[in-house]
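Participant:
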Amino acid sequence: MEFVVARFKENGEWIVDLAAQGARVTIYDKGKLGYIGLDGAAGSNIQIISLPNIGREADTYLTHICERYNILSDTTVFLQADPWPHIKGVPVQLRNGQTMIGLAQECRNANISKPLGDKNVINEAAPPPFHMRVDVSSAAHKILGEVDRRPAYIFSAGAQYVVKKDDILAHPVHFWKKVRDMLSNDEVNAWEIERLWMYLFGMVK
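Numbering follows my numbering, in which position 2 of the sequence shown is assigned residue number 10; successive positions increment by one, without gaps.
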């Protein structure tokens, strides 16, 4: 199992704790403020890869999938560097590496892909509540070839998922590269992809 962390400038102390528990961690860092809270990461199970600050976590996840497609872990846990605001019910004192491993291991043991946060619904008939550039139906058409507009889309705010390897490999690598290119070319945006991950990973048909 591998933990893939999209980081900008968040404190990374809990990530060091995650690696200290034996977890394999890859941090994709887009910040320019140094590795705050990552003292002691060198020589551990943490790999830090710098990326340009574009595309939010969507670009990070897609980069990982495209670059590691042939060597993906049996389970990949996609996370924000500060994951806890999007995972309800975890007390502050338990927001650590051990807790995160436990949450991910539950999904792995059940052999399912699922979000680590609550499921939300965006109603396509209503105006977007937060991000005015979101047109999920248009993005679904471009990425997945969907013709009919769905009345609503199920997603998990924060885009944090435990995903089985087979659910990623269900799409060929050129599909994932196409999505990354569409994001880079501003044909779709990160907030639209955030609302489509559950469809891309096959959690919702």
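For glycine and all other residues, C-beta sits at the position ideal for the given N, C-alpha and C.
Please read these numbers as outputs of a predicted model, since none were measured by experiment.
Over what stretch of residues does the beta strand (DSSP E) that includes Asp126 continue unbroken?
Facilitator: Unbroken run through Asp126: none, as it is neither H nor E.
Participant: Could you check the C-alpha separation between Met9 and Ala148 for me, to the nearest Å?
Facilitator: 29 Å
Participant: Quick check on Asp189: buried or exposed, where buried means 16 or more other Cβ atoms within 10 Å of its Cβ?
Facilitator: exposed
Participant: Could you give the first and the last residue of the continuous alpha helix (DSSP H) run that contains Asp156?
Facilitator: Segment: none, Asp156 is in no alpha helix (DSSP H) and carries neither H nor E.
Participant: Can you give the Cα-Cα distance for Gly20 and Glu200, rounded to whole angstroms?
Facilitator: Take the alpha-carbon of Gly20 and the one of Glu200: they are about 27 Å apart.
Participant: Just how far apart, CA to CA, sit Trp92 and Gln29?
Facilitator: Spanning the two alpha carbons is a distance of roughly 18 Å.
Participant: Report yes if the CB atom of Arg203 is closer than 8 Å to the CB atom of Val144, and no otherwise.
Facilitator: yes
Participant: Give a yes or no on whether the C-beta atoms belonging to Leu124 and Val170 are separated by under 8 Å.
Facilitator: Yes, Cβ-Cβ distance for Leu124 and Val170 is below 8 Å.
Participant: Quick one: Cα of Phe163 to Cα of Tyr207, how far?
Facilitator: 9 Å
Participant: May I ask which residues mark the beginning and end of the alpha helix (DSSP H) holding Asp67?
Facilitator: Arg64 to Glu75
Participant: I need the straight-line Cα distance from Cys115 to Val98, nearest angstrom please.
Facilitator: 17 Å
Participant: For the alpha helix (DSSP H) that contains Glu200, what are its first and last residues?
Facilitator: Boundaries of the alpha helix (DSSP H) around Glu200: Ala198 to Glu202.
Participant: Starting from the C-beta of Asn104, find all residues in its chain whose C-beta is less than 6 Å away, skip the five residues before and the five after it, and write them out in chain order.
Facilitator: Trp22 and Asp25
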